[in-house]
Amino acid sequence: MIKEDVKGFSPLVNPEEEDFYAGPQTRWKDFKFVIKVMMEFIRGFRMLHFVGPCVTVFGSARFEEDDKFYKLAVRVGESVSKLGFTVMTGGGPGIMEAANRGAKNVGGKSIGCNIILPFEQRPNPYLDKWMDFNFFFVRKVLLSKYSFAFVVMPGGFGTLDEFFEALTLIQTKVMRRFPVVLMCRDFHHDLYAYVQHLAEYGTINKEDLELFLLTDSVEEMEEHIRKYAIDAYGLRRKTVIKPAAILGEKG
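Start counting at 1 in the sequence shown, then tack on 1324, and there's your number in our numbering.
The following block contains the structure:
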């Protein structure tokens, strides 16, 4: 079951970000904007510095608890936690809540990078810690920075944006070749066909189809992450970096 859309709201509730995308501003206004963005990045770096290697799970905020995709996302969160990773999500309801819930079910660590919106988005109750972001692009960078793998569940424009952002960074070698898993074959059938279409036309290389795994199987997802994240980068369970009280840091 999917929640009904809420009409009459703009997703850009931060007037500064809205102004930023509206074109040139005064030098003073642009300078203040840069300072606020910098401070949000610094707060995010401090919060996430101690969470350990993460796997980020992307997906729609609109799926209810009784939906099959929500239930699958719970299993995904459980599996990722058992591998030893921190489960990171956008921190909201739906698929994000389900993945965080799965982490908590098995005693894993659960983190959220929440965006402040007038609808859909609120921190879910299964988070060990979270940060509320004002700026979409800051949040998106931090959802990627600390992750060794990405699991993409059914979602909308935001989920697709995050999926293709990860693939673009990996394809262009800006990011290491971390595993990307596209879950749910039926839901993503047409998307996969379109990506194949791009390869046939040569706008991407045929080898780029190997940058992600399309599957329905949590077990196959787990093995893919184990092979291309844990084994590929020699990850081992160890004591995490301790926060420094003198810097006002908390674990």
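Each residue gets a CB set at the ideal place from its N, CA and C atoms; glycine is no exception.
Check                                                                                                            : Outcome
Exposed unless 16 or more other CB atoms sit within 10 angstroms - verdict on A1517                              : exposed
Rounded C-alpha distance that separates T1350 from M1363                                                         : 20 Å
C-alpha distance - D1343 paired with S1541, whole-angstrom precision                                             : 44 Å
Assumed close pair T1483, G1383 - CB separation to whole angstroms, cut-off 8 Å                                  : 6 Å
Spatial neighbours of N1429 in its chain, beta-carbon cut-off 6 Å, leaving aside the 5 residues before and after : E1402
Meets three-Cβ-pair contact criterion under 8 Å: the stretch 1462-1474 and the stretch 1429-1439                 : yes
7 Å CB neighbourhood of E1421 in its chain, flanking five on each side removed                                   : N1448 and Y1450
Minimum length 4: unbroken alpha helix (DSSP H) runs contained in the stretch 1383-1423                          : 1392-1406
8 Å Cβ cutoff met for G1414 and R1446                                                                            : no
Residue closest to Y1557, alpha-carbon to alpha-carbon, out of A1385, I1494, P1377 and R1386                     : P1377
L1506 vs L1466 beta-carbon contact at 8 Å                                                                        : no
Integer Cβ distance of R1501 from L1407, believed to fall under 8 Å                                              : The Cβ separation is near 18 Å, so there is no contact.
Cα-Cα separation, F1393 to F1387                                                                                 : 7 Å
Inside the stretch 1434-1510 only - beta strand (DSSP E) runs reaching at least 3 residues                       : 1434-1439, 1453-1457, 1471-1476 and 1504-1507
Any non-hydrogen atom of the ligand GDP within 7 Å of R1550 CB                                                   : The ligand GDP is not part of the structure shown, which contains no ligands of any sort.
Three-way DSSP call (helix, strand, coil) for L1535 in this model                                                : helix
Candidates E1544, S1405 and V1375, of which the one nearest C1508 by Cα                                          : E1544
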